[in-house]
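Counting in our numbering, the sequence shown runs from 1416 upward without gaps. Single-structure report; data block below.
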Amino acid sequence: MAKKDDLDLFGNPENEEKQNQFGGSNSFGGNDNSFGNNNNNSFGGNNNNNSFGGNNGGFGGFSNIDMGDVREEKPVNKKAIVAGIMAGVLVLGGGTGGYLYWNKSHKEKVAVETAKNLEKKRVSVLKSLENAIPSFTTKELLPEGEDVISNLDMEIVYMNENKVRTEFLKKILENAEVNASKSGIEYTHFNWSYLSAIMQNVDYEKIQKMYKDAGIDRKAHDFQDKLADLFSKYVSENYDKMVAKEGDYSRSYINSFAEPTKVVSMSLNEATTKEGKVTMELLNTLDKSLFGSDEFHNALDVFGLVATGDIGKKEETEKHKEWASRKKILEDYGSKIDKLPVNELKDVNNVLKDVLNDGYKVNIDDPKDAYKKALEELNKVEPVPWKIDSAKDLMEKFKKGSLTPYTWIGSYFLQNEYKDTEGKQIIVNAQIGDGSYDKPKALGSSFLTKAKGTDGKYHDVKVTLKSITTGQDAIKQSLEVDERNQGFTTTSDLILGVLMFTVENVTDDEIEIDSEFSLADKSINLVPRNGSMFGFKERIKLKGREIGQMSDWFFAKEVDTSNLIWGKTFNRAYPVVWQNVLADTVYDKYGRPRDRREREVVGNKAQDNVNDLEQKAELKKQQKDD
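In structure tokens, the structure reads:
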């Protein structure tokens, strides 16, 4: 039994013997089954069974030992027990808190490390653009699932295997620089504003000579194409010296134009995705700055104007005349300075003082050295040599793109921002193919060819197939042309097709021509067409150099196995022009080449159409006779 001076944990001496009370027997703090006594089933007892904190049964041990007579032991100090328990709680709490702190810190470190690795990945993918852009492989850097080719990759498609244009394209792209960091990307490429100033103020005569030597006929149908080629050649040949400011491009006044290069910047979050891929927004921005900006188009216009002489006559500025006169004085004295007597050399210095700016000091002791330095100083202040009187006014009134065209390069601009002469936004597709069977003309690609006129003669024309529709779309389009085009159905064995195209008369004479489009097999066996359509413009009259809109149609079986050609009346007198539509297409909608589907039966398919029509006609005749 506990001593009287040993108080229950939460009781007093008077409550020691009371049972079922707070602090009594079988109580919280009592003798039996108590919290803090010497008995069985106790919490904090010493030598008892089934105790929590006892000697036998341990801390937290709940034993199944038989509860018999228990030897009374000397009780322990309850305050000490409480202190121990609290210490344990503190240790446990500290351990738990320590673990939680460690876990949080660990997670933060992992998060930081993950973010750093992702940042490195995003920077790395931007750096890879330096090789990807010139090799036209930026598609590989876009997020998976992108169903479009980047406009930068499309630029090589727009070149259409033109050697001089391709060299120009690669020169610009290969010399661009990419600087990437956690701040984002800085893409440095050739400055077109700098080029415009160079063409007017340095290479005026050079460009005109190139134009003359090329023998370009302004009235020729390919005048604009040849100007684009000449521009490409000029830039490619002079690019390195322009950027390095060597030779003629080292003159002091060139520094007043602009820097040879331009920087396009974009933040890391804008330029890359969270997964570490390049954004289409970045590629579009770069493509537009490279080949679709106002600065680039202005450079194309300036080149054409300088080449043709339309920009105006060049005249030396008054400032440059004054400068040139001073330089001539120096050069005259320089040519004879070695022959002058010693007593006259000092007089040279007086001349130098008069010729040079006030701030320049002449070395009196060494006139020869003074002359050399004087000439160097004078060259450092050369003003712009000439002006072109009508250039500024002409550029304001000039019809942009009318000389050097905008349509041969600049994929993003041509797909999204190009407008025709009437201000209507249109899509300019890449000019793909040469019109042969193996390299057919892609949709939207212009081609020079012949067309039979109502006079029985063949005339030179430029044709561009704008659209082709078949089936239900063609039926709908035919009704838009004329509501009388009724009766077509998609359940028929025959399929309706509608063509929309432009024809340009590239001669100076007025002509009247018919459409030369037709379906054919590989051997140029034509698929015949029966019937007529309302409203279709299959014949057109054009004045010299005029462009007109035409339309045509076909109604045939299995059109997907047939080829579309221009030249149905040529009869091999002129080469037909194969179109990359319907059967055996060579290029996809983005201009990327793909394996051609060789079908030996295509020829027979076309002939089958003929036989089928003949059989149906014969059957109808028999039915009518019967």
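Just so it is clear, CB atoms sit at the ideal spot from N, CA and C, and this is done for glycine as well.
Residue i - DSSP class collapsed to helix/strand/coil
i, result
"L1979", "strand"
"W1607", "helix"
"I1613", "helix"
"Y1664", "helix"
"T1553", "helix"
"T1917", "strand"
"G1912", "strand"
"I1847", "coil"
"D1808", "helix"
"T1904", "coil"
"N2019", "Confidence at N2019 is low in this model, with a pLDDT of 38, below 50, so the placement of that residue is unreliable and no value is reported for it."
"K1867", "strand"
"V1693", "strand"
"N1995", "strand"
"F1932", "strand"
"I1883", "strand"
"T1700", "helix"
"E1927", "strand"
"S1861", "strand"
"F1828", "helix"
"Y1873", "strand"
"R1954", "strand"
"F1450", "In this prediction, F1450 scores a pLDDT of 40, lower than 50, which makes its location untrustworthy; no coordinate-derived value is stated."
"A1714", "helix"
Nearest-angstrom beta carbon gap, residue j and residue i [assumed within contact, 8 Å]
i, j, result
"F1711", "M1614", "Between M1614 and F1711 the Cβ distance is about 13 Å, and since that is not below 8 Å, they are no contact."
"K1692", "V1843", "Actually they do not touch by this definition, with Cβ atoms about 28 Å apart."
"G1587", "V1593", "Per the sequence presented here, residue 1587 reads as Ile, with Gly not at that position. Wrong, their Cβ atoms sit about 14 Å apart, outside the cutoff."
"A1866", "E1931", "6 Å"
"K1677", "Y1664", "The pair is not a contact, with the Cβ atoms about 17 Å apart (cut-off 8 Å)."
"I1622", "Y1649", "6 Å"
"V1942", "A1971", "5 Å"
Proximity of residue i and residue j at Cβ, strictly below 7 Å
i, j, result
"Q1887", "T1905", "yes"
"Y1827", "N1566", "yes"
"K1616", "V1799", "Before going further, note that residue 1616 is Asn rather than Lys in the sequence given. Against a cut-off of 7 Å, the Cβ pair of V1799 and N1616 comes out as a contact."
"T1869", "V1878", "no"
"F1916", "L1957", "no"
"I1890", "V1996", "no"
"G1727", "D1618", "no"
"A1643", "T1819", "yes"
"M1965", "V1918", "yes"
"K1783", "I1824", "no"
"G1575", "Q1846", "Note that residue 1575 is Asn in the sequence shown, not Gly. In this structure, Q1846 lies closer than 7 Å to N1575 by Cβ."
"L1755", "A1789", "no"
"N1713", "S1611", "yes"
"V1679", "A1595", "no"
"W1968", "V1913", "yes"
Top-ranked residue by Cα proximity to residue i, from the options
i, options, result
"L1894", "D1655, G1950, S1933", "G1950"
"V1579", "W1738, F1646, F1916, L1556", "F1646"
"V1992", "M1965, N1831, T1819, S1851", "S1851"
"D1923", "E1931, E1791, N1940, G1959", "G1959"
"T1984", "Y1873, L2034, V1918, F1969", "Y1873"
"H1735", "I1631, Y1668, E1685, M1965", "Y1668"
"E1559", "E1674, L1533, Y1626, T1688", "T1688"
"T1552", "V1572, L1533, V1538", "V1572"
"D1716", "K1624, S1750, S1608, D1780", "S1608"
"V1921", "F1638, L1544, N1945", "F1638"
"V1796", "S1550, S1708, W1738, S1704", "W1738"
"A1940", "N1986, E1555, G1912, G1946", "Note that residue 1940 corresponds to Asn in the displayed sequence, not to Ala. Here the closest residue by C-alpha is N1986."
"V1876", "A1635, E1528, K1554", "A1635"
"L1533", "L1557, I1564, L1683, A1612", "L1683"
"P1675", "G1859, N1606, V1974, S1907", "N1606"
"E1731", "S1740, L1909, S1543", "S1740"
"E1570", "I1928, I1631, I1548, T1976", "I1548"
Entirely within the region 1777-1804 and at least 3 residues each: give me those beta strand (DSSP E) ranges in chain order.
The qualifying runs are 1801-1803.
At 3 residues or longer, what runs of the beta strand (DSSP E) sit wholly inside the region 1562-1646?
Fully enclosed beta strand (DSSP E) runs of 3 or longer: 1592-1596, 1599-1605.
List in chain order: all unbroken beta strand (DSSP E) runs of 3+ residues lying wholly within the region 1717-1750.
Given a length threshold of 3 residues, each whole run of the beta strand (DSSP E) inside the region 1717-1750 is given here in chain order: 1729-1731.
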